[in-house]
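Reviewing the structure listed below.
There are 2 protein chains.
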Amino acid sequence: MAMDPSVAARQSEEAAEAFFRAAPPLRDRDRLAASLADFLARHSAGGGGVVCVTSGGTTVPLEQRCVRYIDNFSSGQRGAASTEYFLKAGYAVIFIHRRGSKQPYCRFLPEDSFLDLFELGEDSEIQVPQSHSSVVKAAISNYRKAIDECLLLKLPFTTIFEYLQLLQMVATSMNCLGHRGMFYLAAAVSDFYVPWESMAKHKIESAGGPLNMQLNQVPKMLFILRKNWAPAAFCVSFKLETDPNILLQKAEMALKKYGMNVVVANELANYKDVVVMVTSNGGRTTVSRTSKAEDLEVQLTDLLVKMHSEHIAQPNS
Amino acid sequence: MAMDPSVAARQSEEAAEAFFRAAPPLRDRDRLAASLADFLARHSAGGGGVVCVTSGGTTVPLEQRCVRYIDNFSSGQRGAASTEYFLKAGYAVIFIHRRGSKQPYCRFLPEDSFLDLFELGEDSEIQVPQSHSSVVKAAISNYRKAIDECLLLKLPFTTIFEYLQLLQMVATSMNCLGHRGMFYLAAAVSDFYVPWESMAKHKIESAGGPLNMQLNQVPKMLFILRKNWAPAAFCVSFKLETDPNILLQKAEMALKKYGMNVVVANELANYKDVVVMVTSNGGRTTVSRTSKAEDLEVQLTDLLVKMHSEHIAQPNS
């Protein structure tokens, strides 16, 4: 028998509260809150859109003094690329990202050594090989513009505790924007975690044979975001699966269960080439990239910007 | 009752063989082996030292199509810094590193955006702010020199399976160098793993309540490295603990158990400031950095280079 929705809702809220109560406090919270308030004050007066992009995977520490942790696969490519296209479309972007994940305008970098991009000229001036010169220069120029014009606010996280506290802070602050706010939740968020108080204090000993672990479920914060933190915002979440047979079904379930406006369904094997947008009006839109030279995120953000405009124009549709 | 050493040795070897048999094959093995053979051929003729530096943490996949994995904390700072100082001391370096970890000559980079280092001048030329200019130029120049003179070979890994297969390949190849080879094993290697064949094929479902996992111990490959892969080399391993009360004792145990020449003991809380070198002649040498401006690795590599010279000069001591 299905649970009474109001009971399920209260249980979700209680689980979320318990999670936040037990989480280690966010470092630098005051400084982050101040920079966020400043950023939103600049953009709340105008009529433009503000999008919160989350990107990269969260970690789950297994020890309080963390040596070992569980991590979720995500390069941050999608979030970084989408941030660039949202900026191009005139949005202000709050980029909540995993430390060390891909960054806007830096995606073209060689994986392990940015030094491979540079040479010294005869007079010791820094040069970029001709083949990369225009890309690197455009990146420097676009990045400078976004930072100097206060259109990009970068907030880093590593653990699931940091991520969810940042998301809560940003979402409750963005609530004042009403329908002009968008959430583009591309981060790969852990489903399981070890509660802080039940965590080993020191590094787990390796001499004692096999290791047994029990992990708890992370409360479903999308539901709380939609219901309490920023109810009027336009919400886009992502569903990643490795098994295509269950993907769309799980995306539709997430759409209903958490009240998203759009769920973007993607498969690990081809997430750069094709996604399906499942929307709250029952629609399914397949977005594929037309050539390897173009990012899928060009079309994806374009469609979302249009849907968000409609959401702003017809708040009750 | 302690186990008969020869029985323990055979068990270790069998565990190692079983690990390699079941591991997913290393991608690009032939290309990597060829570049390694080429690198060693250049350096086997001369009389100089060759060091294999391992750096960064290994991951343990929890699913075959990997979305989730267990990771070990390690920025790769120690390995990257030490590589620079070994190169400066005239060594050829094989740098086995975690993808995305700190790289030699790039350690000074801002964490999330290398673009913060650059500006465009009036004629669109790339500029570095005066404050960073000399550091960036020295980095580009040193890196170019190491690559162009074939003194640095970079081999990347992500998983424990890749790491141990690379280490085996490098160690057995370096065996031809005899006492001129050094291993500087700074990577943070997982103690536990999920055997490939018992791993979930798809992403683990999150709807089924708490998650229970059982992880097996990773075979102690240091023992095999010393005994079979490269018995004449000079071997330095690292022991990281969060609890200072057990650190030195565990370092001494590792020294004896695996036949290392040196174990460098470090504590998570202050590993950048102080380490203790535990040596096979019973010595303990504390290495502390004298100022925040100097890397601890300057002294550490300097001491090791001297000890390695003695090892080369007096192979039976």
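Protein chains in written order, with this note's numbering: chain A, 1 to 317; chain B, 1 to 317. Glycine included, every Cβ here is placed at the ideal spot set by N, Cα and C. All values reported here derive from a predicted model rather than from experimental measurement.
In the displayed model, R107/B falls within coil according to three-state DSSP, outside both helix and strand. Between H132/A and F234/A, the gap from beta carbon to beta carbon reaches 9 angstroms or more. At least one CB of chain A lies nearer than 9 angstroms to the CB of L120/B. The three-state secondary structure of K250/A, taken from DSSP, is helix. Listed along chain B is no residue with a C-beta nearer than 9 angstroms to that of Y163/A; the closest approach is about 15 angstroms. Pairwise C-beta distances place the segment 226-240 of chain B in contact with the segment 294-314 of chain B, as three or more of them are shorter than 8 angstroms. Under the three-state reduction of DSSP output, E297/A falls in the helix class. Look at I70/A: its C-beta is under 9 angstroms from a C-beta on chain B. Within chain B, the residues L120, S124, I126 have their CB atoms less than 8 angstroms from the CB of K137/A, given in chain order. Among the bridge pairs identified by DSSP, P61/B is matched with Y69/B. Annotation for G79/B: the continuous alpha helix (DSSP H) segment containing it runs 77-88. Listed along chain A are N72, F73, A188, L240, T242, L268, each with a C-beta nearer than 8 angstroms to that of V67/B. Non-local beta-carbon contacts of A23/B in its own chain, meaning distances under 7 angstroms to residues more than five positions away in sequence, involve F161, Q165, W196 in chain order. Under the Cβ distance rule, E252/A does not count among the residues neighbouring chain B, no pair being separated by less than 9 angstroms. Bounds of any alpha helix (DSSP H) do not take in R284/B; it lies within the beta strand (DSSP E) bounded by 284-288.
Taking C-alpha positions only, T59/B is separated from R42/A by approximately 42 angstroms. Using a CB distance below 7 angstroms, no part of the segment 273-295 of chain B faces chain A. With fewer than 16 neighbouring CB atoms inside 10 Å of its own CB, A34/A falls in the exposed class. With its beta carbon at least 9 angstroms from every one in chain B, G79/A lies outside the interface. Shown here, R98/B sits in a strand according to DSSP, grouped into three states. Around the beta-carbon of T158/B, 16 or more other beta-carbon atoms lie within 10 Å, marking it buried. Counting C-beta pairs with one atom in each stretch, the segment 214-226 of chain A and the segment 270-288 of chain A have fewer than three that are closer than 8 angstroms, which means they do not touch.
The count of Cβ pairs closer than 8 angstroms, one atom from the segment 176-191 of chain B and one from the segment 290-300 of chain A, stays below three, leaving the stretches out of contact. Bounds of the beta strand (DSSP E) holding K154/A are 152-157. Excluding sequence positions up to five before and after L248/B, its CB lies within less than 8 angstroms of the CB of A265, V276, V278, R284, all in the same chain and listed in chain order. Nearest C-alpha to F73/B among G178/A, A80/A, L62/A, S74/A: L62/A.
For S198/B, none of the residues of chain A pass the 7 angstroms Cβ criterion, the least Cβ distance being about 12 angstroms. Non-local beta-carbon contacts of L153/A in its own chain, meaning distances under 6 angstroms to residues more than five positions away in sequence, involve F39, I94 in chain order.
In terms of CA proximity to Y193/B, R68/A leads the group A37/A, E13/A, R68/A. For S190/B and E125/A, the gap between their C-alpha atoms comes out near 43 angstroms.
Using a Cβ distance threshold of 9 angstroms, W229/B and N175/B count as a contacting pair. Residue pairing for S237/A: DSSP places it in a beta bridge opposite L185/A, V263/A.
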